[in-house]
Structure formats: structure tokens, C-alpha cells
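Structure record follows, encoded as C-alpha cells.
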Amino acid sequence: MKITMFGTGYVGLVTGTCFAEMGNDVLCVDIDSGKIEALQKGEIPIFEPGLEQMVRANREGDRLRFTTDVAQGVTHGQLLFIAVGTPSDEDGAADLRYVINVAESIGKHMHEPKVIVDKSTVPVGTADTVRQTIAGVLEKRGTTIEFDVVSNPEFLKEGAAISDFMKPDRIIIGTSSPGSAALLEALYAPFNRNHDKVVHMDVRSAELTKYAANVMLATRISLMNELANLADRLGADIEDVRRGIGSDPRIGYHFIYPGTGYGGSCFPKDVKALIHLAEQNGYDASIVKGVEAVNERQKRILFEKMRHHYKGDLKGRTFAIWGLAFKPNTDDMRDAPSRTILELLFASGASVRAYDPASLAEAERIYGDRGDLVLCAERDDTLRGADALVVITEWNEFRSPDFHAIGEQLSESVIFDGRNLYDPDYLKQLGFAYYAIGRGNTS
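For the sequence shown, the positions run 5 to 447 when my numbering is used.
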């Protein structure tokens with residue numbers, strides 16, 4: 005099929021590349037000429053395992069192309085995917101300006117029937133807005149062209165996006181048009197061979213399904229963090245509790261790991277958007293509000309443990325930070341807990357020596373050149389001259405370090421573990437003061 009992907013961000017680039025991988029003719033459109041120029045040279049703007057190689061292979065096979073020409077994009081595709089960003093507005097609402105801009109462009113340049121597919125995470129009712137926008141532009145042009153607007157939300161995890169797309173848990177198709185549904189089913193057939201993963205529903209239900217999924221997962225994270233904070237006060241070990249409840253098949257083990265809070269491009273934005281959507285419709289989404297409040301508080305928990313250990317005085321201290329991305333296998337620092345922790349440390353007069361396998365360039369972009377931050381090219385370089393080690397992201401290379409070497413390099417044998425990676429009893433035997441999340445005041 006001929007497919008146009010509007011937007012070459014995380015969702016657009018992964019989706020377009022995976023469709024091309026299955027033999028489709030994909031044209032990706034973006035108004036950012038710098039990004040398109042880089043993509044044409046084979047430079048990938050995001051860190052995602054396997055993506056660079058897949059983009060290169062499909063470019064070489066002429067199945068995947070990039071352009072800034074919006075009119076060419078509209079003409080090219082039988083299916084026009086909208087995969088642009090929907091960032092949070094000041095009031096928490098999803099900012100739809102980029103979605104509307106694409107809809108206006110489609111209406112301006114469309115000359116034959118098209119199926120428009122909302123791939124971006126958008127509030128309920130956005131498909132209606134897109135439909136009205138396109139129809140309004142066509143009316144101004146004095147022409148009538150048939151088109152449909154379908155909701156086909158993405159469910160990609162950063163760090164595992166290629167696998168998630170190629171082997172999806174479910175494929176949501178939101179439309180009342182049998183023709184559009186059949187077209188989307190044909191497009192997704194190569195991803196749907198093992199068993200039928202397609203779930204058909206109306207457009208508004210599809211739009212809500214995406215928000216509901218992300219908010220449900222965010223709720224599990226915040227609830228587990230709430231229980232972890234209580235475990236600290238009760239002298240219980242949340243890791244034992246996690247195994248105890250996870251063995252119940254009604255609960256399971258997914259998304260019940262305590263830590264420093266969720267971050268990234270999806271959960272924070274979508275939780276805020278659902279709260280705003282509820283308020284717009286006269287409903288107080290109290291649980292969802294609580295999820296957000298707990299998460300904002302959780303981002304400070306590790307800092308509070310640091311402040312407690314040093315009796316409220318962090319001025320002049322230097323901390324080795326392992327992990328800046330909001331999760332492993334990505335360079336994404338949007339709303340990452342590390343940013344909250346770093347900024348609290350800076351405000352307290354402390355200095356940071358930080359390492360992350362993927363996000364050092366992003367950290368440099370965010371923080372620039374400053375005297376209280378050193379970005380280290382190697383993990384163990386962070387330890388030189390540091391008073392304590394702080395683990396924020398659970399990259400694999402942090403899981404089994406040489407604790408003897410760590411103790412020798414730190415001025416004081418102290419570890420603040422925001423991901424519960426280590427054995428408290430073992431570290432105690434080595435003479436470390438060890439602070440974790442919900443492990444019964446482990447120090």
C-alpha cells in the first residue's frame with residue numbers, strides 16, 4: 005500500500021519504518037527540514053534499539069522516503085497517518101495544533117478519496133475535529149471529496165518499540181466504515197498472522213482506549229510507590245510484598261516495581277490530558293488526580309533520603325548519578341525523575357557527576373555547560389571525587405557493579421538506589437549505608 009506518515013517523531017518514524025519493512029511504500033513528511041535532511045542521510049533523531057538498521061535497510065530498498073513536501077505527502081498516500089506530537093498545554097489539555105495543521109493541509113491538497121488515520125494520542129472527539137477541519141477546507145475550495153477518519157492508537161514502549169509493533173498485543177481499529185476497517189485490516193495482516201489481534205470499535209472508544217491503557221499502567225506504578233513509602237514506615241520490604249501480590253494472576257508482575265516515579269513522553273502527558281478531559285465533561289477524576297500527585301511526590305523521595313542522611317545539608321557535596329533517561333533503552337529525558345532530582349540537588353548547592361548509556365547528549369542539550377554538572381563518558385568515572393552513588397535508571401550495566409571498587413572511590417560508602425537493584429544485606433556486610441525504595445529504612 006502507499007502510506008503517508010505525517011510526523012517523524014517517535015511514533016511516526018517507528019510506525020512508518022515497520023510498515024515499510026513489510027513491503028509497503030511509505031513516505032514520511034515533516035516540516036522540520038533539519039530532521040528530514042538528517043533522516044535522508046541515515047541519521048536517526050532518537051535512540052531506539054534496532055531502528056537505525058531498519059531505517060537504513062528500507063531506505064536502500066526505496067520503500068521508505070522522507071520529505072518536507074506536504075502536498076506530495078497528501079498525493080502519495082491512500083492512507084494518511086497523523087503521527088504528530090500532542091504535548092501538554094498549560095492547563096494539562098493535549099495541544100492539538102499540530103494535528104489540526106495536518107488536517108488543514110490534507111483538506112488543502114486532497115484531490116481523491118483518502119482514509120485519514122489518527123495515530124497520535126489524542127483526546128476523545130479529535131477524529132470529529134479532524135473530520136470537520138478537512139470538510140471545512142474542502143468547502144472553502146468549493147469541492148466535495150469522500151474521506152474517512154479512523155482512530156488507530158499506538159501501543160509502543162520506548163526501548164521495545166520495534167518488537168511491540170512487529171508483534172502487537174492488540175490492533176485497535178476505530179471506525180464505523182466497513183471499507184476503512186477492511187483497508188486497515190489488510191494493512192495490518194502481516195502483523196496479525198499468529199492469531200486475530202484486531203479489535204474493532206467506534207472511533208471515540210478507540211480514542212479513549214489509548215488513554216485508559218496508559219492511565220491504568222500509571223495507576224499501578226503510583227499505587228506500588230504509595231505502598232513502598234508505607235513499607236518504609238512499617239519496616240516491611242516492598243520487594244517481598246511485590247512478589248507476594250504479583251503471584252496472584254489477577255494482579256501479575258507487570259508495572260508493580262517501586263521506584264522514583266514514571267516519566268517519558270506518554271504517561272505524564274496522558275494522565276494530565278485525561279484529568280482535563282474529565283473536567284471538561286463535568287467529572288472529577290479523583291483517582292487519576294491521585295496518580296499524578298503521588299508520582300510528583302515520588303520523584304522527590306530519593307532526594308529526601310539523601311537530605312535525611314546528610315542531616316539537611318547537601319551544600320558542597322558531590323553525587324555520582326547513574327541513569328538520566330526515564331527508563332532503560334531510550335535517550336528520552338522528558339519528565340524523567342532524574343531531572344527533578346538533579347534540579348533539587350543543584351538548588352541545594354550540591355554538584356553532580358552523571359552517566360547514562362544513551363542520554364548524555366540530551367542532558368547536555370537540557371542543562372548546557374554549568375559548573376555543578378559533569379557528564380561522564382564512562383560509568384565509573386562518575387565515582388571520582390563523589391560522596392555517594394545515586395542510581396536512578398535501571399540500565400543493565402548498573403545491576404552488578406564492583407561494590408568494592410565503588411567503596412574505594414567514594415568518600416563515604418553510601419548508595420541511594422532508586423530502583424531497588426541491590427541486596428541490602430550484602431551491602432550492609434560490605435559496610436555501605438544503603439537507601440532504597442520501600443525496603444524498611446534499609447540504611
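Glycine is no exception: its CB is placed at the ideal position from the N, C-alpha and C atoms.
If you look at Ser-155, you'll find it isn't in any alpha helix (DSSP H); it sits in the beta strand (DSSP E) that goes 151-155.
In the same chain as Ala-232, and ignoring 5 residues on each side of it, the C-beta atoms closer than 6 Å to its own belong to Ile-242, Pro-262, Ile-441, Gly-442, in chain order. Positions of the alpha helix (DSSP H) runs, each at least 4 residues long and wholly inside the segment 56-127, are given as 74-80, 101-113 in order along the chain. Judged by beta-carbon spacing, Ser-226 lies beyond the 8 Å limit of Val-134, meaning their Cβ atoms are not closer than that value. When Lys-171, Pro-127, Asp-122, Asp-168 are compared, the shortest CA-CA separation from Asp-152 is found for Asp-122. One thing to note: Val-275 has its Cβ within 8 Å of the Cβ of Ala-222. Apart from the 5 residues on each side of it in sequence, Asp-34 sits with its Cβ closer than 7 Å to the Cβ of Gly-11, Thr-12, Ile-40, Thr-72 in its chain, given in chain order. If you ignore the 5 residues before and after Ile-279, its C-beta comes within less than 8 Å of the C-beta of Gly-96, Ala-289, Val-292, Lys-293, Glu-296, all in its own chain and listed in chain order. Rounded to whole angstroms, the separation of the alpha carbons of Asp-317 and Phe-195 is 55 Å. Looking at the DSSP output, Leu-377 sits in a beta bridge with Val-356. Under the DSSP definition of a beta bridge, Phe-10 partners with Val-33, Ile-86. Around the beta carbon of Gly-286, fewer than 16 other beta carbons lie within 10 angstroms, which makes this residue exposed. For Trp-326, the pairing in a beta bridge is given by DSSP as Tyr-359, Val-395. Per DSSP, reduced to three states, the secondary structure at Gly-178 is strand. Looking at the backbone, the Cα of Glu-150 and that of Gly-372 are separated by about 50 Å. Going by C-alpha positions, Ala-351 is about 51 Å away from Gly-140.
Around the beta carbon of Val-154, 16 or more other beta carbons lie within 10 angstroms, which makes this residue buried. Its chain contains Pro-194, Phe-195 as the residues whose beta carbon lies nearer than 8 Å to that of Met-26, once the 5 sequence neighbours on both sides are disregarded; these appear in chain order. Here DSSP, grouped into helix, strand and coil, assigns His-204 to strand.
Inter-residue distance for Lys-432 and Phe-420 is about 13 Å (C-alpha atoms, whole angstroms). Comparing alpha carbon positions, the residue from Leu-348, Ile-176, Pro-332, Asp-252 closest to Leu-377 is Leu-348.
In the three-state DSSP reduction, Ala-289 falls in the coil class, being neither helix nor strand. One thing to note: Thr-90 has its Cβ within 8 Å of the Cβ of Thr-125. Just measuring C-alpha positions, the residue of Leu-328, Ser-355, Glu-300, Thr-21 sitting nearest Arg-369 is Leu-328.
The residues Asp-29, His-80, Gly-81, Gln-82, in chain order, have a CB closer than 7 Å to that of Lys-6 in the same chain once the five nearest residues on each side in sequence are set aside. Phe-420 is bridged by DSSP to Val-394, Tyr-439.
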